[in-house]
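Chains as they are written, first to last, in the UniProt record's numbering: chain A, 1 to 457; chain B, 1 to 457.
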């Protein structure tokens, strides 16, 4: 029986690892250029650290690790005989796999608070695990790439995160991303104005359809959800919410003038919009989007989401926001945080679709020495040693070809790995080098060989 | 209550991540220079892939993942009431965390055999998990860095692995490592000569003490283990096993002349020793060590182990060998493999002890702009943007200092993060730059600032 891997997990081939590493290194380099520092946390945490932090659904999707040894010993017999899986879990499992990078980060900050200088700008690129139903683009093991600042309320952080998104996507060659921005305080202001905090989600979901179903359709949906005509009247400006970011801000300002929180939200948004306008973006756009409500129960200020360039069908490729009490769950109060995340797997799919991996240096040798006679082995290995010392990826085909068939196997190996240069013969200090792309063949000595291949790096 | 992490796991601080990344990147670069390609496998595998592959002890130390949802539903009621942990495990857990990188690699090769061109040179740098009792230098989560070749029996692979060890440790500045080499066939030959395969471990363990307890002590221990005087007499040369590698090979050759397998082992060893001698090593030494018996049930040819430089108290910092039937466990016969592993955590401790992390580029900004007045914010952020475009890690202190105390907090931040350069003031295009190491202060314009800091990269 052919072996397999658990559903929702993946093996990565050499090319896939190289492409993923290219994305991750681009992100990490940008993080460091912006002053962020890497940390890493364990793959599993004490269950008490994770449970109850992601809602009931989250608790269910956390992978639990069975205690080692005689794990049933301490389990309650009645619960076992009742097969009460829910209650038995905590008796036979004390550890769980990381579900995201944010809660472990909060735990880290609280645990190491005396060693940390605030504001603490950290980044973290590690896998997380979720027992979700796997589907296209959704896996049970996947990497998150997060950057957060804790211990500062300055809105310059929000500005920098917009720049950071722009920097990373520009470096990846992904022009035309759209960074959508909203503010939780504006959403609260809207709820205040329409007189119903509990209808806010229905409201934003309906409003989001404006493009598709037009004003009439949206109003109809809102009424059907129990939002009153009076309330809808009060937020009229949102139905005509097209112009520039500054137009939108002006609309919001007058609409939310009766709400102090809403007004604060508009001011915060204006600061970020103006600053980004002054500093300029390379390839991204920044767009005020009042329908943006991700993580509503979590964020307290700015909310971000990044859409792939137009024409690419893909959900958001990044998101984040400000949360005023990240570390409160672990007993450290009043530490404001703001952060963003890059969706590695979706970015991968977008770059693949757009053919943007061409520049990635694939993990294959630049040159291979074929093995058609054994008396030049040492000569070849000596040359390979020099090439490697010059950072030229080099390989010696390990098995001597003792037949024509075996020689063909070596050429097949060259072709299947798409190796650019082949040394097929060595005679004293004369190396016969073939360029497999052009078909050109040259005889050269070792120092010429090194120079020639170095020039091709 | 202060949060904590599970025993045997670790948080890594920014400096630790940087140092670990430095080691891993050095290893990965060497792997690629030698023609190895990266793959990655999932953190958890189907239990059936892992169980039974590491012996009874291994099975016990594998971390099992609890099935999601109502996991007790399918469990046998009798076994539950008996609290039979061992048998219940397979009924409530179908997945387990990776225990090493070799078995998942074997699984990968078999599963993807039609997409792989052999010989397949792969490397893999990923964490593994073991429910071992934690102790100094032994953790429940740790990284393995493995390179293996499958599908070639050529002894040039063994030669290249010796070179690879030498390359990596030389690049890390770790001069004086000792690569010990043995061959399973020599051990089999010795067993044949002493007439007792089952006494081989006792024999090598005793022989290993030659330096400490002298010949008499060793003979005494061997006799106490039931090895006959006659047998000891036959392997006399091993007690006088000092000279050069070639001396040792000569001793072994005559001693094992009656054993075909032993003779083959000597020949294999001679090939590797001679080739390495011809090619030369940069900082490592290669030493024949017939007491080396790691993974005895596993390896079929060469056996490697690397000792840290003399004077550093540390177990082996690397090891490996040849195994003739790696993929047989998953049904693919006759695929020979040979590989080595680097012990990241121990290498870390050795480099730390010897002060060899000095060259590591720590993840901190090269320059920080202080925030003592708000009217130059945009000027500063514009300058920072230019610096970052020039790959200079730059940071803007996010919060405005509205008091002397707050100004001091910013200087404290600079000192605690050991940031080298500070821009304390900006006036039009005049930047006041302070070198925190020399204390020197300069006024310069933006292009001078960029040039000055670029020169310090």
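For every residue, glycine included, the Cβ atom is placed at its ideal position computed from N, Cα and C.
| query | result |
| --- | --- |
| Give every residue of the same chain whose Cβ lies closer than 7 angstroms to the Cβ of residue 67/A, excluding the five residues on either side of it in the sequence, and list them in chain order. | 92, 93, 94 |
| So, at 7 angstroms on beta carbons, what are the nonlocal neighbours of residue 110/A in its own chain, with the 5 sequence-adjacent residues on each side left out? | 327, 330, 331, 332 |
| For residue 397/B, report the span of its beta strand (DSSP E) as first-last. | Looking at the DSSP string, residue 397/B is not in any beta strand (DSSP E), and its letter there is neither H nor E. |
| State yes or no: is the C-beta of residue 264/A within less than 7 angstroms of the C-beta of residue 364/A? | no |
| Which of the residues in the segment 309 to 328 of chain A, read from start to end, lie with their CB under 8 angstroms from any CB of chain B? | none |
| Taking only beta-carbon atoms, is residue 107/A less than 7 angstroms away from chain B? | yes |
| Along the segment 186 to 203 of chain B, what residues have a CB closer than 7 angstroms to any CB found in chain A? | none |
| Show which residues of chain A have a CB atom less than 7 angstroms away from the CB atom of residue 157/B. | 398 |
| Counting contacts by CB-CB distance shorter than 7 angstroms, is residue 51/B in contact with chain A? | no |
| Could you check the C-alpha separation between residue 177/A and residue 346/A for me, to the nearest Å? | 13 angstroms |
| Comparing the C-beta of residue 381/B with each C-beta of chain A, is any distance below 7 angstroms? | yes |
| Cβ closer than 7 angstroms: which chain B residues qualify as neighbours of residue 393/A? | 32, 33, 35 |
| Determine the DSSP secondary structure at residue 46/A, reduced to helix, strand or coil. | strand |
| Tell me whether the beta-carbon of residue 385/B lies closer than 7 angstroms to the beta-carbon of residue 396/B. | no |
| Residue 127/A lies in the alpha helix (DSSP H); which residues open and close that run? | First-last for residue 127/A: 120 to 129, but that is the beta strand (DSSP E), not the alpha helix (DSSP H). |
| May I ask you to list the residues that DSSP assigns as paired with residue 307/A? | 178/A, 316/A |
| Note the first and the last residue of the continuous alpha helix (DSSP H) segment covering residue 157/A. | 156 to 171 |
| With a threshold of 7 angstroms between beta-carbons, can residue 348/B be considered close to chain A, or not? | no |
| Between residue 38/A and chain B, is any beta-carbon pair separated by less than 7 angstroms? | yes |
| Should residue 183/B be labelled buried (16 or more other beta-carbon atoms within 10 Å of its own) or exposed? | buried |
| Check the C-beta distance from residue 38/A over to residue 123/A and give it rounded, since I have them as a contact under 8 angstroms. | 6 angstroms |
| Between which two residues does the alpha helix (DSSP H) holding residue 4/B run? | Per DSSP, residue 4/B belongs to no alpha helix (DSSP H) and is neither H nor E. |
| Pull up the distance between the alpha-carbon of residue 24/B and that of residue 12/B, whole angstroms please. | 15 angstroms |
| Could you give the residue range of the alpha helix (DSSP H) that holds residue 261/B? | 260 to 279 |
| Exposed or buried, residue 117/A, counting other C-beta atoms within 10 Å across all chains shown (16 or more means buried)? | exposed |
| Under a Cβ-count criterion, where at least 16 other Cβ atoms within 10 Å of its own Cβ denotes burial, should residue 443/A be classed as buried or exposed? | exposed |
| Is the Cβ-Cβ distance between residue 350/A and residue 22/A less than 7 angstroms? | no |
| Please report the residue range of the alpha helix (DSSP H) in which residue 247/A lies. | 245 to 255 |
| Please list, in chain order, the chain A residues whose beta carbon lies closer than 7 angstroms to that of residue 225/B. | Neighbours of residue 225/B on chain A: none; closest Cβ ~32 angstroms, over 7 angstroms. |
| Tell whether a beta-carbon distance below 7 angstroms holds between residue 343/A and residue 318/A. | yes |
| Taking Cβ positions only, does residue 7/A come closer than 7 angstroms to chain B? | no |
| Check the Cβ-Cβ distances between residue 206/B and every residue of chain A, and say whether any is below 7 angstroms. | no |
| Say whether the segment 2 to 10 of chain A touches the segment 41 to 57 of chain B, bearing in mind that this needs 3 or more beta-carbon pairs closer than 8 angstroms, one atom from each stretch. | yes |
| Could you tell me which chain B residues have their CB closer than 9 angstroms to the CB of residue 23/A, listed as they occur along the chain? | Chain B residues near residue 23/A: none, gap ~14 angstroms exceeds 9 angstroms. |
| Once the 5 residues before and after residue 167/A are set aside, which same chain residues still bring their CB inside 6 angstroms of it? | 30 |
| By the DSSP assignment, the alpha helix (DSSP H) with residue 190/A in it spans what residues? | 184 to 194 |
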